[in-house]
Amino acid sequence: MKVCLIPLKIEVRKPAENLRRFETRLAEIAAYQPDLVCLPECTFTGYLYEVQDFEKYAEPIFGYATSIVSKLAQKYQCYICFGMLEKAKEGFYSSAVLMDRLGQIVHVHRKIIEQPPFRVGKEVKTIATEFGRICVLLCGDLFDDEVKARVNPETDLLIVPLARGFDGKSPDLERWLNEERQGYVEEVKKVGRTALIVNSLEDTSLPEASFGGAMVINSDGQVLAESEHGTDKALIFQLVLDIPNGG
Numbered sequence: 138m139k140v141c142l143i144p145l146k147i148e149v150r151k152p153a154e155n156l157r158r159f160e161t162r163l164a165e166i167a168a169y170q171p172d173l174v175c176l177p178e179c180t181f182t183g184y185l186y187e188v189q190d191f192e193k194y195a196e197p198i199f200g201y202a203t204s205i206v207s208k209l210a211q212k213y214q215c216y217i218c219f220g221m222l223e224k225a226k227e228g229f230y231s232s233a234v235l236m237d238r239l240g241q242i243v244h245v246h247r248k249i250i251e252q253p254p255f256r257v258g259k260e261v262k263t264i265a266t267e268f269g270r271i272c273v274l275l276c277g278d279l280f281d282d283e284v285k286a287r288v289n290p291e292t293d294l295l296i297v298p299l300a301r302g303f304d305g306k307s308p309d310l311e312r313w314l315n316e317e318r319q320g321y322v323e324e325v326k327k328v329g330r331t332a333l334i335v336n337s338l339e340d341t342s343l344p345e346a347s348f349g350g351a352m353v354i355n356s357d358g359q360v361l362a363e364s365e366h367g368t369d370k371a372l373i374f375q376l377v378l379d380i381p382n383g384g
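Okay, so the sequence shown: first residue is 138 according to the numbering used here, each after it adds one.
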């Protein structure tokens with residue numbers, strides 16, 4: 138399967154512009170014919186955490202953003218996984234949506250390791266797809282041992298959208314190489330499943346901005362492919378999963 142991880146460069150609180158940017162990026166990489174496109178946490182709004190922002194920018198599933206992404210999945214005949222601010226009856230979640238080639242929602246993961254005023258998810262599910270069994274975690278979920286322990290051992294592929302930055306200067310290549318990068322590798326190794334990790338890229342002139350970049354890490358903790366820290370360069374990789382009996 139050909140995967141494409143896009144550390145989408147965004148402007149926080151400008152979802153319409155960010156959706157248009159994604160449409161442009163998807164058109165640019167369409168020639169590679171990706172089977173699965175992965176985007177960051179809170180892809181089109183940026184990671185927000187104030188109630189007034191939730192009320193203005195959060196959307197239900199199915200809503201405007203999901204309808205646009207659904208049409209793109211159909212147009213380019215690919216699965217798309219993206220993070221969003223979800224508005225539900227009981228409150229607001231950081232959620233990830235996985236759509237199939239028909240633009241149908243096949244999975245929603247609500248982030249478990251999160252702070253108020255967010256609501257928190259309760260389930261870690263693995264779903265069967267044409268590629269094998271896929272599980273989605275969001276950002277801090279990957280760093281919680283109890284959450285990782287709930288990943289089905291029959292999972293073939295883990296997708297982890299992020300919206301992660303450093304306190305102070307971000308991006309910071311030295312800090313990434315010396316501190317952060319190995320942390321991702323170790324957490325994926327604990328799960329023991331191949332993982333696709335993709336981070337948002339915000340305005341790097343602002344403090345604590347999400348620092349972009351993407352990685353493909355195998356079950357042994359080996360980095361198979363990586364895009365440059367602090368960039369929105371798409372990472373396209375031909376991934377071969379070890380699926381017994383073809384899944």
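Here a beta-carbon is modelled for each residue, glycine too, at the ideal position from N, C-alpha and C.
Report task. Name the residue from Gly183, Ile242, Phe191, Thr182 whose alpha carbon lies nearest to the alpha carbon of Ala210. Result -> Ile242
Report task. Just grab the DSSP bridge partners of Thr263 for me. Result -> Cys272
Query raised in the report: Would you call the stretch 337-351 and the stretch 222-236 in contact, with 3 or more CB pairs under 8 Å?
Result: no
Report task. Work out the CA separation of Ser364 and Asp172 for me, nearest whole Å. Result -> 19 Å
Query raised in the report: Since Val335 and Pro144 are thought to touch, with beta carbons under 8 Å apart, how far apart are those beta carbons, to the nearest angstrom?
Result: 6 Å
Query raised in the report: Do Phe219 and Ala233 come within 8 Å of each other at the CB atom, strictly closer than that value?
Result: yes
Requested in this report: Use the C-beta contact count for Phe199: other C-beta atoms within 10 angstroms, 16 or more gives buried, fewer gives exposed.
Outcome: exposed
Report task. Look at the alpha carbon of Leu279 and the alpha carbon of Lys139, and state the distance between them as a whole number of angstroms. Result -> 23 Å
Query raised in the report: With a cut-off of 8 Å, do at least 3 Cβ pairs link the stretch 354-364 to the stretch 157-168?
Result: no
Query raised in the report: Are there 16 or more other CB atoms within 10 angstroms of the CB of Lys285, so buried, or fewer, so exposed?
Result: buried
**Report entry** Per-residue DSSP class, three states only, for Gly220
**Finding:** strand
Query raised in the report: Are Thr263 and Glu291 touching if we call contact CB-CB under 8 Å?
Result: yes
Query raised in the report: Taking the alpha helix (DSSP H) that Tyr230 falls in, what are its first and last residues?
Result: Taken as a continuous stretch (DSSP letters only), Tyr230 belongs to no alpha helix (DSSP H), being part of the beta strand (DSSP E) at 228-236.
Requested in this report: Could you check if Asn382 is buried or exposed, using at least 16 other CB atoms within 10 Å of its CB as the buried criterion?
Outcome: Residue placement at Asn382 is poorly supported in this model, since its pLDDT is 48, which falls under 50; the coordinates still yield a value, given next. By the neighbour-count rule (16 or more Cβ atoms within 10 Å), Asn382 is not buried but exposed.
Requested in this report: With a 10 Å radius around its C-beta and 16 neighbouring C-beta atoms as the bar for buried, classify Leu310 as buried or exposed.
Outcome: exposed
Requested in this report: Check each candidate in Leu142, Lys146, Cys141 and name the one with the smallest Cα separation from Pro308.
Outcome: Lys146
Query raised in the report: Do you know how far the Cα of Ser231 is from the Cα of Cys175?
Result: 16 Å
Query - Own chain, CB closer than 7 Å to Ala332, minus 5 neighbours either side, in chain order - result: Leu295, Val297, Val325, Ile354
Query raised in the report: Hey, out of Ala202, Ser347, Glu323, whose CA is closest to Leu235's CA?
Result: Ala202
Query raised in the report: Should Lys248 be labelled buried (16 or more other beta-carbon atoms within 10 Å of its own) or exposed?
Result: buried
**Report entry** Delimiting residues of the alpha helix (DSSP H) encompassing Val325
**Finding:** 318-328
Requested in this report: Mind reading off the beta-carbon distance from Gly358 to Val322? Whole number of angstroms is fine, and I expect it under 8 Å.
Outcome: 5 Å
Query raised in the report: What residue does the beta strand (DSSP E) around Arg157 start on, and which one ends it?
Result: No beta strand (DSSP E) contains Arg157, which is instead part of the alpha helix (DSSP H) from 152-166.
**Report entry** For Gln189, the three-state DSSP class (helix, strand or coil)
**Finding:** helix
Report task. May I ask whether a heavy atom of the ligand FMN can be found less than 7 Å away from the beta carbon of Gly367? Result -> The ligand FMN is not part of this structure, which contains no ligands at all.
Query raised in the report: Where does Ile205 sit, in a helix, a strand or coil, going by DSSP?
Result: helix
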